[in-house]
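There are 2 protein chains.
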Amino acid sequence: MPASPDELRELVEEYLEDLGLSPELGQLAAVARYALDGGGKRIRPLLCLATGEAVGVEPRSLLPAAAALELVHTFSLVHDDLPALDDDAFRRGRPSVHAEFGEATAILAGDALLAEAFRLALTYSSPQVARELAQATLGMIGGQYIDVRGETGDVLALHRLKTGRLFAACIGCALWVAEVPQADQAGWRRFGDQVGLLFQVVDDLLDGDGYAREHGPEQARALADTTAERAAALLDTFPADTSILAAIVSTLSTRVS
Amino acid sequence: MPASPDELRELVEEYLEDLGLSPELGQLAAVARYALDGGGKRIRPLLCLATGEAVGVEPRSLLPAAAALELVHTFSLVHDDLPALDDDAFRRGRPSVHAEFGEATAILAGDALLAEAFRLALTYSSPQVARELAQATLGMIGGQYIDVRGETGDVLALHRLKTGRLFAACIGCALWVAEVPQADQAGWRRFGDQVGLLFQVVDDLLDGDGYAREHGPEQARALADTTAERAAALLDTFPADTSILAAIVSTLSTRVS
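These protein sequence lines are chains P and Z, in that order. Here the first sequence is numbered in this note's numbering, starting from 894 and rising by one per residue. Here the second sequence is numbered in this note's numbering, starting from 894 and rising by one per residue.
This is the structure in C-alpha cells:
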C-alpha cells in the first residue's frame, strides 16, 4: 500500500525542517532557511518520492535527492526575485529574501542554496543523482536567461528549459536511486516532461501569462487537459503501482492556486 | 621529470579554451566564457595539477577537476563584482561582467559557472571530487558573507573561509583523483591551508588591505614568509617529488602582482 501524497509531503516537510545546513555558512544559513520555509507546494520533492515508490524505492532513501531538488528550485526563486531580474518584493505573502535581508545577502543565499543542493545530492555513493541535478540546473538557468532577455518567441521551448528540466530531474533522480538502467528510463522521462509542461501551463492559466496570454485561456486549458491525459496514459504503460503519481497528475491539472 | 609550472599552466589554458559549456545555456555561455577568459593567474588549477604530479597522477586526468576549481573561483568573482556586493566595474583591466552585460546577466552567468563547475567535477566516476568542491564552495560563500557584513573581527578566520577553503580543495581534489586514502591526507591538507593563507596575505600586502591594513605591512610580510617556510617544510615531509609545488610556493611568496 503506497503512501498517500499527503504522507509523502509530510515526510518532505519534516526532512526539510530538520535539514542541517553547513555550519560554515554562519548567519547566512538562517537566510537560506527563511527562503526554504516559505511554504511552497513541495511538488518537486513529492514527485521524486512518488516516482521512487512506483519503482520500488523506500521514500526515506530519496529524501536527500528530493530536498536537493527543492533547494535548486528555491535558489532559482531567490535569484529570480532580485531587483535586476523580476524585482519581486513579495513571495508567497512574505517579503522576498532581498526585500527582507538586502540584495547582497539574497545573492549569496541563493548561491548557498545551490551549493547545499549539490552537497545533498552528493551524499549518494553514485554521482548519478548529482549529475542529473547539474544538467537540469544548467537547463533551468538557460531558460531563465531566455526569459530575462524577453526572447519569448517559443513559450513552450522556454517552459521546457525553465520549468521542465527540473521537473524531469525529479523523475530522473528517483530512477537513479532505484538503479533503473538508462535503457529503461525513456518512458519515465517522457512522463517527467509531460508533468513539467502540465505544471507550467496550469501556472500560466492561473497567472494569465505565458502560454495563456499568447494563445488564450481556452487553448491553454485544452493543452493542460491533453498533457494530463498523456501523462496518465504513460503511467498506465509502466509495470508498477502508479496510483500516487496519477493522483498527483490529477491534482496538478485541476489546481486553482 | 615533472612538467614545469609554465607547462602545467599551458595545459590548463588549452583545456579552458576548448571547454564546451552546456548548449542549453544558449547565449549565456558566451558571457560565462567572457568571465573565464579574463586572464587570471590560474593558480588554483595549477596547484591541483602540480599536487597531482607529486602524488603520481597524470596531469591531464586532473583537468576537469582543475577547471571546476577555476570555474568556482570565477563564479565568485562575477558575483562579488556585482553592484550590491563590491560594485567593481573593472576586473583585470576589462569591464566586469555586470558592467559589460548588465546585472541580471551577471547573476545568471555566475550561477551558470557554479553549475558547470559541478558538471565538470561530476565527470569522475567517484563523487569525492564534487563533494570536496561543494564543501569548499559553501565555506567560500560563508566567508564572502562575513566580508559583506563587514564582520572583519578576525581577518585570518575570514581568509580561511573566503580564500583558504578553495585553495585547500585544489589539493584535496588531486588527492581524491589519486585515490590517496583519507587517513593519509592530513599533511597535504595542512599544506593546502598554508598555501591559501600565503596567497591571501601576499594579496593583502599588494593591495594594502586585509591583514596588511590591520597589522601593518611588516607584520604581513613576516607572516607571508613564515607561511611560505611552513608550506615548504611540509612539502619536504612528503615521500614525493614536490619540486614543482616548491617552485609555486616560492612564486606565490615573492609575486608582485
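Even glycine gets a Cβ: it sits at the ideal position worked out from N, Cα and C.
For the alpha helix (DSSP H) containing residue i, name the first residue and the last one.
{"i": "Val905 (chain Z)", "result": "Pro898 to Asp911"}
{"i": "Val1149 (chain P)", "result": "Neither: Val1149 (chain P) is in no alpha helix (DSSP H) and is coded neither H nor E."}
{"i": "Val1073 (chain Z)", "result": "Counting along the chain, Val1073 (chain Z) falls outside any alpha helix (DSSP H), and DSSP gives it neither H nor E."}
{"i": "Arg1106 (chain Z)", "result": "Gly1103 to His1108"}
{"i": "Gln1087 (chain Z)", "result": "Ala1079 to Asp1100"}
{"i": "Glu1025 (chain P)", "result": "Gln1021 to Val1041"}
{"i": "Leu1051 (chain Z)", "result": "Val1048 to His1052"}
For a contact defined as C-beta to C-beta under 7 Å, what are the partners of residue i on chain P?
{"i": "His972 (chain Z)", "result": "Ile1000 and Asp1004"}
If the cut is a Cβ gap below 7 Å, which residues of chain Z does residue i touch?
{"i": "Leu1068 (chain P)", "result": "Within 7 Å Cβ-Cβ: nothing; Leu1068 (chain P) doesn't reach chain Z, min ~17 Å."}
{"i": "Ser989 (chain P)", "result": "By Cβ distance, chain Z contributes nothing, its closest Cβ being about 14 Å from Ser989 (chain P), past 7 Å."}
{"i": "Ala997 (chain P)", "result": "Ala977, Leu978 and Val1041"}
Which residue wins for smallest C-alpha separation from residue i, given the options the options?
{"i": "Asp1063 (chain P)", "options": "P:Leu939, P:Leu929 and P:Gly933", "result": "Before going on, a small fix: residue 1063 (chain P) reads as Cys here, not Asp. With distances taken between Cα atoms, Cys1063 (chain P) lies closest to P:Leu939."}
{"i": "Asp899 (chain Z)", "options": "Z:Leu942, Z:Gly919 and Z:Arg926", "result": "Z:Leu942"}
{"i": "Ala1002 (chain Z)", "options": "Z:Ser969, Z:Gln1028, Z:Thr1119 and Z:Gly1032", "result": "Z:Ser969"}
{"i": "Ala1005 (chain Z)", "options": "Z:His972, Z:Pro957 and Z:Gln1028", "result": "Z:His972"}
{"i": "Ser1146 (chain P)", "options": "P:Pro1074, P:Val1073, P:Glu1122 and P:Ala1027", "result": "P:Glu1122"}
{"i": "Arg1083 (chain Z)", "options": "Z:Leu1127, Z:Glu907 and Z:Ala1067", "result": "Z:Leu1127"}
{"i": "Arg953 (chain Z)", "options": "Z:Val1094, Z:His1108 and Z:Ala1067", "result": "Z:Ala1067"}
{"i": "Ala959 (chain P)", "options": "P:Ala1140, P:Leu1098, P:Phe1011 and P:Gly986", "result": "P:Phe1011"}
{"i": "Asp980 (chain Z)", "options": "Z:Val965, Z:His966 and Z:Glu996", "result": "Z:Glu996"}
{"i": "Ala1125 (chain Z)", "options": "Z:Gly1109, Z:Gln1112, Z:Gly1080 and Z:Val1149", "result": "Z:Gly1080"}
{"i": "Leu1026 (chain Z)", "options": "Z:Arg926, Z:Val1088, Z:Asp1100 and Z:Leu1059", "result": "Z:Leu1059"}
{"i": "Asp1096 (chain P)", "options": "P:Ser915, P:Phe994 and P:Ala1117", "result": "P:Ala1117"}
{"i": "Val1142 (chain P)", "options": "P:Leu909, P:Glu917, P:Arg937 and P:Thr998", "result": "P:Arg937"}
{"i": "Ala1115 (chain P)", "options": "P:Val1094, P:Gly1103, P:Ala992 and P:Asp1102", "result": "P:Val1094"}
{"i": "Gly1089 (chain P)", "options": "P:Trp1069, P:Gly913, P:Gly1043 and P:Leu1054", "result": "P:Leu1054"}
{"i": "Leu1013 (chain P)", "options": "P:Leu955, P:Val924 and P:Asp930", "result": "P:Leu955"}
{"i": "Pro1074 (chain P)", "options": "P:Asp1102, P:Gln1021, P:Arg1148 and P:Leu1049", "result": "P:Gln1021"}
{"i": "Ser1018 (chain Z)", "options": "Z:Gly913, Z:Gly1046, Z:Val1070 and Z:Leu901", "result": "Z:Val1070"}
{"i": "Leu1049 (chain P)", "options": "P:Glu910, P:Phe994, P:Arg1106 and P:Leu1099", "result": "P:Arg1106"}
{"i": "Pro957 (chain Z)", "options": "Z:Pro976, Z:His1052, Z:Thr1130 and Z:Glu907", "result": "Z:Glu907"}
{"i": "Ala925 (chain P)", "options": "P:Leu964, P:Glu903, P:Gly932 and P:Ile1039", "result": "P:Leu964"}
{"i": "Gln1028 (chain Z)", "options": "P:Thr1016, P:Gln1028, P:Leu1031 and P:Gln1037", "result": "P:Thr1016"}
{"i": "Asp1077 (chain P)", "options": "P:Thr1130, P:Gly1043 and P:Gln920", "result": "P:Thr1130"}
{"i": "Arg984 (chain Z)", "options": "Z:Leu1098, Z:Tyr927, Z:Ala961 and Z:Ala922", "result": "Z:Tyr927"}
{"i": "Gln1087 (chain Z)", "options": "Z:Glu910, Z:Gly1057, Z:Ile1039 and Z:Arg935", "result": "Z:Gly1057"}
{"i": "Gly1032 (chain P)", "options": "P:Arg1042, P:Gly1043, P:Ala1008 and P:Ala1061", "result": "P:Ala1061"}
{"i": "Gly1065 (chain Z)", "options": "Z:Pro916, Z:Glu917, Z:Val948 and Z:Gly932", "result": "Z:Val948"}
{"i": "Glu1009 (chain Z)", "options": "Z:Asp1040, Z:Asp1047, Z:Leu962 and Z:Gly1046", "result": "Z:Leu962"}
{"i": "Ser897 (chain Z)", "options": "Z:Arg1148, Z:Ser1150, Z:Asp1134 and Z:Val1149", "result": "Z:Asp1134"}
Could you tell me which chain Z residues have their CB closer than 8 Å to the CB of residue i, listed as they occur along the chain?
{"i": "Gln1037 (chain P)", "result": "Leu1001"}
{"i": "Gln920 (chain P)", "result": "Tyr1038 and Arg1042"}
Starting from the beta carbon of residue i, find every residue of chain Z whose beta carbon is closer than 9 Å, and list them in chain order.
{"i": "Gly1065 (chain P)", "result": "Those within 9 Å of Gly1065 (chain P) in chain Z number zero; the least Cβ separation is about 14 Å."}
{"i": "Glu1009 (chain P)", "result": "Ala1027 and Leu1031"}
{"i": "Glu917 (chain P)", "result": "Gln1028, Leu1031, Gly1032, Met1033, Ile1034, Gly1035, Gly1036, Leu1054 and Arg1058"}
Please list the partners that residue i has in chain P, where partner means a Cβ-to-Cβ separation under 8 Å.
{"i": "Ala1023 (chain Z)", "result": "Phe1011, Leu1015, Pro1020 and Ala1023"}
{"i": "Glu1072 (chain Z)", "result": "Here the premise fails: no neighbours, minimum Cβ distance about 15 Å."}
Check the Cβ-Cβ distances between residue i and every residue of chain A, and say whether any is below 9 Å.
{"i": "Phe1131 (chain P)", "result": "Structure shown: chain A not included; protein chains present are P and Z."}
**Asked** Enumerated in chain order, which unbroken segments of the alpha helix (DSSP H) with a length of 4 residues or greater are wholly contained in the stretch 919-1001 of chain Z?
**Response** The stretch 919-1001 of chain Z contains these whole alpha helix (DSSP H) runs: 921-929, 936-947, 952-973 and 990-994.
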